[in-house]
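J.: Before we start, here is the structure in question, set down as structure tokens.
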Amino acid sequence: MDTLDLTKEEIANVRFFTAIQDFNIDVHARSNPFEFYKRHPDCFNPKKMKDNDLLIDELLNFLGAQSQRDKRKPWMLNSARLLVERYNSSAYKINEIHNGDVVEIVKALTAEERYGFSTKKAHMFLRDMADLGVWKYKSNIEKLDVMSDKNTMRVALRTGILQFRIPLLASFLDVFCYQYSMVDRMNREAWREVWKEWGNISDNHRPPTPASIDYLIFRLGKIACRPNKRFCPPEKKVTVKKLESLIPQDRLIFRIDGHCIFADVCRLDRKILNAPNSISIEGKTGWKSGKTNEGGGGGISS
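In terms of our numbering, the sequence shown opens at residue 37 and continues consecutively.
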């Protein structure tokens, strides 16, 4: 993420308002939001946004946030008011006012739904503030979790850091996602333990928060740990052509010999495991994706 030499305060404001919109869209897909800030700084100025909602429309258009604008626009307006009223119009000051306490910051951002921050989006925002060198936390750093999704869950199951006695099934009876919620929670705890153990290694170069390993695990799950393969690819070495097509960060997924960095960790009997599908009567998700799968992660048990 190229921040274009913006100040810490500018970076914080840009990421604060873009993090709110980070669901069902990729805020970095169209172009760099930090570049947009340089051209349109008023679109990230809480005081001006509060008094001129056309600035919010301009930012949402840039982000490609056309869907659910009836939710997105009030989020931006209310979060701008939050910054003005509690943080002297600066997202950068949030960390200072809450004494660098991860838990307190997350509580403040998620206290009211109208601010637009879910727990997941708040953790993502705090992760980026640490990774970009904007904030340093003083307490509860270990509570900043890897984001759970089908990719990070799949890697956790196949590496064995997360194990269950019975296969995970997508059940049409579990319409309130109790199973999925449990796996979500256990997955975050498992990766948190990995981060803690990492700190016990000498000269470990451990990232600043557990959530900081999220990108690597997510991309590994997406690129090298595919759900639609009987066994984890690459069964052969990754080709030079494929490797060259990846961005530099994604090349870290593969060892020098061309195999996945977890190739010696995932046992054969775990390589077919998949995360459970989320079938939700409330979220209206998963009704078409409950497929039978010997390794779990699909199948109908109604």
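Yeah, the Cβ is synthetic: ideal placement off N, Cα and C, and Gly gets one too.
Owing to the predicted nature of the structure, the values given are computational and were not obtained by experimental measurement.
Mapping DSSP to helix, strand and coil, what is Ser-248?
T.: Note: Ser-248 maps to helix in three-state DSSP.
J.: Mark His-134 as exposed unless 16 or more other C-beta atoms lie within 10 angstroms of its C-beta, in which case mark it buried.
T.: Under this definition His-134 is a buried residue.
J.: Would you tell me roughly how many angstroms separate the C-alpha atoms of Tyr-173 and Lys-272, rounded to the nearest one?
T.: C-alpha separation (whole angstroms): 42 angstroms.
J.: Mapping DSSP to helix, strand and coil, what is Asp-185?
T.: Three-state result, Asp-185: coil.
J.: From the DSSP output, in three-state form, read off Cys-302 for me.
T.: DSSP places Cys-302 in coil when its eight states are reduced to three.
J.: Between the beta-carbon of Ala-158 and the beta-carbon of Leu-145, is there less than 9 angstroms?
T.: It is a contact, given that the beta carbons lie within the stated cut-off.
J.: Closer than 8 angstroms: is that where the CB of Phe-70 sits relative to any heavy atom of the ligand GTP?
T.: Looking for the ligand GTP in the displayed structure turns up nothing, as the structure carries no ligands at all.
J.: Give every residue of the same chain whose Cβ lies closer than 8 angstroms to the Cβ of Lys-339, excluding the five residues on either side of it in the sequence, and list them in chain order.
T.: Outside the displayed span of the chain (37 to 338) sits residue 339, for which this structure offers no information.
J.: Using a Cβ-Cβ cutoff of less than 8 angstroms, which residues in the same chain neighbour Arg-242 once the five nearest sequence positions on both sides are dropped?
T.: For Arg-242, where only same-chain residues beyond five positions count, the Cβ hits under 8 angstroms are Trp-231, Trp-234, Gly-235.
J.: Decide yes or no for the touch test of the stretch 99-110 against the stretch 125-134: beta carbon pairs closer than 8 angstroms, at least 3 of them.
T.: Contact between the stretch 99-110 and the stretch 125-134 is absent, because fewer than three Cβ pairs lie under 8 angstroms.
J.: Look up Asp-286 in the DSSP assignment and say whether it is helix, strand or coil.
T.: Note: Asp-286 maps to helix in three-state DSSP.
J.: What does a CB cutoff of less than 7 angstroms around Asp-38 pick up in its chain, not counting 5 residues either side in sequence?
T.: Excluding residues within five positions, the ones whose Cβ falls inside 7 angstroms are Asn-68, Phe-70.
J.: Given this structure, state the Cα-to-Cα distance separating Leu-42 from Val-50, to the nearest angstrom.
T.: Using only the alpha carbons, I get a separation of about 10 angstroms.
J.: Measuring CB atoms only, is the stretch 279-296 touching the stretch 146-166, in the sense that at least three cross pairs come out at less than 8 angstroms?
T.: These segments do not touch.
J.: Alpha carbon to alpha carbon, how far is Val-274 from Glu-94?
T.: Each residue's alpha carbon lies about 43 angstroms from the other.
J.: What number of angstroms, rounded off, separates the C-alpha of Leu-118 from the C-alpha of Val-276?
T.: So the two alpha carbons sit approximately 50 angstroms from each other.
J.: Given a threshold of 16 other Cβ atoms within 10 Å of its Cβ, counted over all protein chains shown, does Lys-74 qualify as buried or as exposed?
T.: Exposed is the call here.
J.: Please list, in chain order, all residues of the same chain as Phe-161 whose beta carbon is under 8 angstroms from its beta carbon, the five residues on each side excluded.
T.: Excluding residues within five positions, the ones whose Cβ falls inside 8 angstroms are Arg-51, Phe-52, Ala-55, Leu-145, Phe-153.
J.: Apply the 10 Å Cβ neighbour rule to Ser-175 and answer buried if 16 or more other Cβ atoms are within range, or exposed otherwise.
T.: Its Cβ having fewer than 16 others within 10 Å, Ser-175 is exposed.
J.: When you compare only the Cα positions, how much space is there between Asp-305 and Pro-263?
T.: Answer to the nearest angstrom: the Cα atoms are 14 angstroms apart.
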